[in-house]
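Colleague: Quick one: this structure, given as structure tokens, is what I'll be asking you about.
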Amino acid sequence: MDIVVTVKMVPDLVEELEVNAEGTDLDRSAVRLRLNEFDEHALEQALVLKDRYGARVTVVALDSGDVDEPLFTCLAKGADRAVKVTGDFQDGLSTHGAAAVLAQVLGGIPHDLVLAGVQAPDDRDGQLGVLLAAALRLPHVSVVTAVEPAGDRAVTVRQEYAGGVVGELEVDLPAVLGVQAAPQAPRYAPVSKVRQLMKTATLETVAAPAVEAGAGSTVTRLARPEATGRAEILEGAPDEVADRLYTILADRGLLKQ
Amino acid sequence: MSSDVAVIIEHLEGVLAEVSFEMLAKGRELAAAGGGQLWGVLIGHGVTRLAGELGAADGVAVVEDERLAHYTPEAYERAAAAALQALGPRVALVASSSMGLDLAAGLSGTLGWPLCGYCKDVALTGGTLSAVSQIYGGKLMATAEVPGEHAVCAMLPGAAAAAAGRRRGTATLREIPAPALDSLRMRFKRLIQPEAGDVDITRESILVSVGRGIGSQDNLAVVEELAQALGGAVSSSRPIVDQGWLPKSRQVGKSGLSVKPKLYLAVGISGAPEHIEGMRGAELIVAINTDPSAPIFDVAHYGIVSDLFDVLPALTEKVKTSA
Numbered sequence: 007m008d009i010v011v012t013v014k015m016v017p018d019l020v021e022e023l024e025v026n027a028e029g030t031d032l033d034r035s036a037v038r039l040r041l042n043e044f045d046e047h048a049l050e051q052a053l054v055l056k057d058r059y060g061a062r063v064t065v066v067a068l069d070s071g072d073v074d075e076p077l078f079t080c081l082a083k084g085a086d087r088a089v090k091v092t093g094d095f096q097d098g099l100s101t102h103g104a105a106a107v108l109a110q111v112l113g114g115i116p117h118d119l120v121l122a123g124v125q126a127p128d129d130r131d132g133q134l135g136v137l138l139a140a141a142l143r144l145p146h147v148s149v150v151t152a153v154e155p156a157g158d159r160a161v162t163v164r165q166e167y168a169g170g171v172v173g174e175l176e177v178d179l180p181a182v183l184g185v186q187a188a189p190q191a192p193r194y195a196p197v198s199k200v201r202q203l204m205k206t207a208t209l210e211t212v213a214a215p216a217v218e219a220g221a222g223s224t225v226t227r228l229a230r231p232e233a234t235g236r237a238e239i240l241e242g243a244p245d246e247v248a249d250r251l252y253t254i255l256a257d258r259g260l261l262k263q
Numbered sequence: 328m329s330s331d332v333a334v335i336i337e338h339l340e341g342v343l344a345e346v347s348f349e350m351l352a353k354g355r356e357l358a359a360a361g362g363g364q365l366w367g368v369l370i371g372h373g374v375t376r377l378a379g380e381l382g383a384a385d386g387v388a389v390v391e392d393e394r395l396a397h398y399t400p401e402a403y404e405r406a407a408a409a410a411l412q413a414l415g416p417r418v419a420l421v422a423s424s425s426m427g428l429d430l431a432a433g434l435s436g437t438l439g440w441p442l443c444g445y446c447k448d449v450a451l452t453g454g455t456l457s458a459v460s461q462i463y464g465g466k467l468m469a470t471a472e473v474p475g476e477h478a479v480c481a482m483l484p485g486a487a488a489a490a491a492g493r494r495r496g497t498a499t500l501r502e503i504p505a506p507a508l509d510s511l512r513m514r515f516k517r518l519i520q521p522e523a524g525d526v527d528i529t530r531e532s533i534l535v536s537v538g539r540g541i542g543s544q545d546n547l548a549v550v551e552e553l554a555q556a557l558g559g560a561v562s563s564s565r566p567i568v569d570q571g572w573l574p575k576s577r578q579v580g581k582s583g584l585s586v587k588p589k590l591y592l593a594v595g596i597s598g599a600p601e602h603i604e605g606m607r608g609a610e611l612i613v614a615i616n617t618d619p620s621a622p623i624f625d626v627a628h629y630g631i632v633s634d635l636f637d638v639l640p641a642l643t644e645k646v647k648t649s650a
């Protein structure tokens, strides 16, 4: 089975996010990027399938900044190929635009199964996997937490609903799945192995085709949420705030008598 | 240009989802602002009977077919697309839920309508549609203008009051013929109910809930000790379950459980929208996080900006010695 995993770089949410002077986008010069966490689960799901049943795993990423090392990390974890799609993506790309680019790139890469992270912190105009499926005219399932082969040309997938209820579906291949979580935590790649691969392996590059797809809407304002229901912050040394919290809980009758 | 609003009604096993009523409430506002009609769109098999619960809408469009008896993204997307093409609304509201993630982007992709995801609000002002999306894990809000004649907005649960959209009535029924469903590439197999865990967190009155700030599985002991001292239980956000550190039965959030304890002590939880959806109904929410801009502080009643490993042991000690 040929599995393609799409991965993307997204702002690291642990960092403070700065908005540009116009107040319409991130200040991208100040953003620290990391691989989308859900994409790491998509890769892990692909590698689990490879380990159990045999598969060829290709990772594809738009070159939206500092993507080389993450792609080598994907190779270090067990991916067979890494493809970097080069183009002018530094100012960000709508999800519709990214899907249009990747759909064309995937025309040249064998794919029985395409796995994407179910969502990304910046996909304001939709989830990449579903839009990619629409562009490729393939079936898709989002919020997937398990994938198993069902014969040669189908997979059984589990899709999570609210309340922990799970739907099990059989999906014909080729298909696109939005992975919520792999059956196990994403594996670790030793830094030494990544460094070694950066010296010995090569990333394949493909120039992005020209596409016109935009988000279909224009951001007029990007801002922090208005703190209407902001918490009352308890300040002080840890012992002091623990004491105050204890008093609050006691006053509300929340402590065992 | 139409000013109508269509709400894709979400339901599972014959029960309407709370978010459906929230979207009807929001849809009513939009329809009133544009002078249009509000439509509920029911897709399924034997679902026409649910129309009586959708009295907040002016009309209910129903797509019935036995192949829609269970949710599958492909069949439901085709049915929803057929309904939206027939109704031609200015805006279609879809839940930003597990099912809605398939449908919203799928409809945008197949119909070519713009999509605004993770919407906290949508407004029609003088014919201009604008949508406020909660992105970057809830840290930022993007307001966008959506030109054109149609759009899809994926509404986050909690964006409107369900009570305002919960009205029984006899809305006009409009049957939409089911689209071609004879070449489907996916099949529903079964529905799996969650396994009962050792602790039912939906019944606990005190929850100490832990997120990725805990760092490692070994550190869970700090949280367990406090929960035990308080006479409560440990729950968690999604990453802790995905790491395999706690069972699924302890997960609070969109794809986990919804809880309404008397006390919800969120430690090391940033407060992604998917998590907040499951715990916002708690009577008292206290959050401890090192990041002062963490969205969890926007829903918490009390907040402590500090390392949980400094505060929790002190609080545990205090609770133990004062008992």
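As given, the protein sequences belong to chains A and B, one line each in that order.
In this text, residue positions in the first sequence follow this note's numbering: the first is 7, and each later residue adds one.
In this text, residue positions in the second sequence follow this note's numbering: the first is 328, and each later residue adds one.
We put the CB at the ideal spot given by N, CA and C, even for glycine.
Keep in mind the model is a prediction, meaning the values are calculated, not measured.
#1: Can the beta-carbon of A/V65 be found closer than 8 Å to that of A/A82?
#2: What residue range does the beta strand (DSSP E) around A/T162 cover?
#3: From the beta carbon of A/L99, is the nearest beta carbon of chain B less than 8 Å away?
#4: Identify every residue that forms a DSSP beta bridge with A/D178.
#5: Under a CB-based cut-off of 8 Å, is A/L228 close to chain B?
#6: Measure from the C-beta of B/D527 to each C-beta in chain A and report whether the shortest distance is under 8 Å.
#7: Could you tell me which chain B residues have their CB closer than 7 Å to the CB of A/Q165, listed as they occur along the chain?
#8: Write down the C-beta distance between B/M426 and B/Y398 rounded to the nearest angstrom, noting that I regard them as a contact closer than 8 Å.
#9: In the DSSP output, which residue or residues are listed as bridge partners for A/D45?
#10: Mind pulling the chain A residues with CB within less than 8 Å of B/T455?
#11: Put B/G386 into one of helix, strand or coil per three-state DSSP.
#12: In whole angstroms, give me the CA-to-CA distance for A/A187 and B/G453.
#13: Near B/G492, what residues of its chain come up, given a Cβ to Cβ distance below 8 Å and the 5 sequence neighbours on each side ignored?
#14: Does the region 617-629 of chain B come close enough to the region 557-564 of chain B that 3 or more CB-CB pairs lie under 8 Å?
#15: Once the 5 residues before and after B/A407 are set aside, which same chain residues still bring their CB inside 7 Å of it?
#16: Could you name the residues of chain A that B/S435 contacts, counting a contact when the two beta carbons are closer than 9 Å?
#17: Just to confirm the assignment: which complete beta strand (DSSP E) runs, minimum length 3, are found wholly within the region 456-530 of chain B?
#18: Return yes when the Cβ of A/G220 is within less than 8 Å of the Cβ of A/S70, no when it is not.
#19: Quick one: what's got a C-beta closer than 6 Å to A/V63's C-beta in the same chain, skipping five residues either side?
#20: What number of angstroms, rounded off, separates the C-alpha of B/R297 from the C-alpha of A/Y59?
#21: Examine chain A for any beta-carbon lying closer than 8 Å to the beta-carbon of B/H602, and answer yes or no.
#22: Could you pull the start and end residues of the beta strand (DSSP E) that B/I335 belongs to?
#23: Is it buried or exposed, A/Q133, if we count other Cβ atoms within 10 angstroms and call 16 or more buried?
#24: Name the chain A residues whose beta carbon is nearer than 7 Å to that of B/K645?
#25: For the region 503-522 of chain B against the region 630-641 of chain B, are there 3 or more C-beta pairs whose distance is under 8 Å?
#26: Using only the alpha-carbon positions, how far apart do B/A333 and B/H477 sit?
#27: Could you list which residues in chain A have their beta carbon closer than 8 Å to that of B/H628, in chain order?
#28: Taking just the CA atoms, how far does A/D245 sit from A/A109?
#29: Can you grab the Cα-Cα spacing for the pair B/A593 / B/I612, in whole Å?
#30: Can you check whether the C-beta of B/E401 is within less than 8 Å of a C-beta belonging to chain A?
#31: According to DSSP, simplified to helix, strand and coil, what is A/A229?
#32: For B/G464 and B/P600, I'd like the C-alpha separation in whole angstroms.
#33: Among the residues of its own chain, which have a CB less than 8 Å from the CB of B/A505, if the five just before and after it don't count?
#34: Who are the near neighbours of A/L32 in its chain, counting only those whose CB is closer than 8 Å to its CB and skipping five residues on each side?
#35: My assumption, with CB atoms under 8 Å, is that A/L183 sits in contact with A/V150. Please give the rounded CB distance.
#36: I'd like the span of the beta strand (DSSP E) that includes A/D8, first residue to last.
Modeller: So, to answer that:
#1: Taking the first residue of the first sequence as position 1, residue 65 of chain A is located at position 59. Taking the first residue of the first sequence as position 1, residue 82 of chain A is located at position 76. No; because the gap between Cβ atoms is not below 8 Å, this pair is not in contact.
#2: Along the first sequence, one-based indexing puts residue 162 of chain A at 156. Residues A160 to E166.
#3: Within the first sequence, residue 99 of chain A is the residue found at index 93, counting from 1. No - not a single Cβ of chain B is within 8 Å of the one on A/L99.
#4: Translated into the one-based positions of the first sequence, residue 178 of chain A becomes position 172. DSSP output for A/D178 lists A/A160 as bridge partner(s).
#5: Here residue 228 of chain A is taken as the residue at index 222 of the first sequence, counted from 1. Chain B contact via Cβ: present.
#6: Numbered from its first residue, the second sequence carries residue 527 of chain B at position 200. No, B/D527 does not count as interfacial toward chain A.
#7: Counting from one through the first sequence, the residue named residue 165 of chain A turns up at place 159. The contacting residues are S425.
#8: The residue you call residue 426 of chain B lines up with position 99 of the second sequence. The residue you call residue 398 of chain B lines up with position 71 of the second sequence. Confirmed, Cβ separation roughly 6 Å.
#9: Taking the first residue of the first sequence as 1, we reach residue 45 of chain A at position 39. Beta-bridge pairing links A/D45 to no other residue.
#10: On the second sequence, position 128 is the one that residue 455 of chain B refers to. Under the 8 Å cutoff, chain A gives no residues; its nearest Cβ is about 10 Å from B/T455.
#11: Looking up residue 386 of chain B in the second sequence gives position 59. In the structure shown, B/G386 sits in a strand (DSSP, three-state: E or B).
#12: By one-based count along the first sequence, residue 187 of chain A stands at place 181. By one-based count along the second sequence, residue 453 of chain B stands at place 126. Distance between the alpha carbons of A/A187 and B/G453: 43 Å.
#13: Within the second sequence, numbered from 1, the residue matching residue 492 of chain B stands at position 165. S347, F348, E349, M350, L351, A352, K353, G354, R355 and A383, listed in sequence order.
#14: no
#15: Here residue 407 of chain B refers to the residue found at position 80 of the second sequence. So the qualifying residues of the chain are I335, V368, I370, L430 and L434.
#16: The residue you call residue 435 of chain B lines up with position 108 of the second sequence. The contacting residues are H102, D131, G132, V136, L137, A140 and G222.
#17: 467-473, 479-482, 499-502 and 513-519
#18: Here residue 70 of chain A refers to the residue found at position 64 when the first sequence is read from its first residue. Here residue 220 of chain A refers to the residue found at position 214 when the first sequence is read from its first residue. Going by C-beta atoms, A/S70 is not nearer than 8 Å to A/G220.
#19: Locating residue 63 of chain A in the first sequence gives position 57, where the first residue counts as 1. Taken in chain order, the residues that qualify are I9, A52, K56, A85 and D86.
#20: Outside the displayed span of chain B (328 to 650) sits residue 297 of chain B, for which this structure offers no information.
#21: Position 275 of the second sequence holds residue 602 of chain B. B/H602 does not count as touching chain A.
#22: Counted from its first residue, the second sequence places residue 335 of chain B at position 8. Where B/I335 is concerned, the enclosing beta strand (DSSP E) stretches over V332 to I335.
#23: In the first sequence, the residue the question calls residue 133 of chain A occupies position 127. Flag for A/Q133 reads buried.
#24: To locate residue 645 of chain B, count along the second sequence from 1; it is residue 318. Near B/K645 (Cβ distances below 7 Å), the residues of chain A are A248, D249 and Y252.
#25: no
#26: Counting from 1 along the second sequence, the entry for residue 333 of chain B is found at position 6. Counting from 1 along the second sequence, the entry for residue 477 of chain B is found at position 150. When rounded, the distance between both Cα atoms is 11 Å.
#27: As a working mapping, residue 628 of chain B is identified with position 301 in the second sequence. Here the neighbours are A237 and E238.
#28: Locating residue 109 of chain A in the first sequence gives position 103, where the first residue counts as 1. Locating residue 245 of chain A in the first sequence gives position 239, where the first residue counts as 1. A/A109 and A/D245: Cα-Cα distance of roughly 56 Å.
#29: Position 266 of the second sequence, counting from 1, holds the residue named residue 593 of chain B. Position 285 of the second sequence, counting from 1, holds the residue named residue 612 of chain B. Straight-line Cα distance between these residues: approximately 7 Å.
#30: Position 74 of the second sequence, counted from the first residue, corresponds to residue 401 of chain B. Yes - at least one Cβ of chain A is within 8 Å of the one on B/E401.
#31: Within the first sequence, residue 229 of chain A is the residue found at index 223, counting from 1. The answer is strand: DSSP assigns A/A229 an E or B state.
#32: Within the second sequence, numbered from 1, the residue matching residue 464 of chain B stands at position 137. Within the second sequence, numbered from 1, the residue matching residue 600 of chain B stands at position 273. Each residue's alpha carbon lies about 7 Å from the other.
#33: Mapped onto the second sequence, residue 505 of chain B falls at position 178. Contacts found: V390, E391, D392, R394, L395, A406 and A409.
#34: Position 26 of the first sequence, counted from the first residue, corresponds to residue 32 of chain A. Cβ within range, chain order: P17, L23, E24, V25, N26, G98 and L228.
#35: As a position in the first sequence, residue 183 of chain A is number 177, starting the count at 1. As a position in the first sequence, residue 150 of chain A is number 144, starting the count at 1. The pair is a contact, with the Cβ atoms about 5 Å apart (cut-off 8 Å).
#36: As a working note, residue 8 of chain A is residue 2 in the first sequence. From DSSP, the beta strand (DSSP E) with A/D8 extends over D8 to V13.
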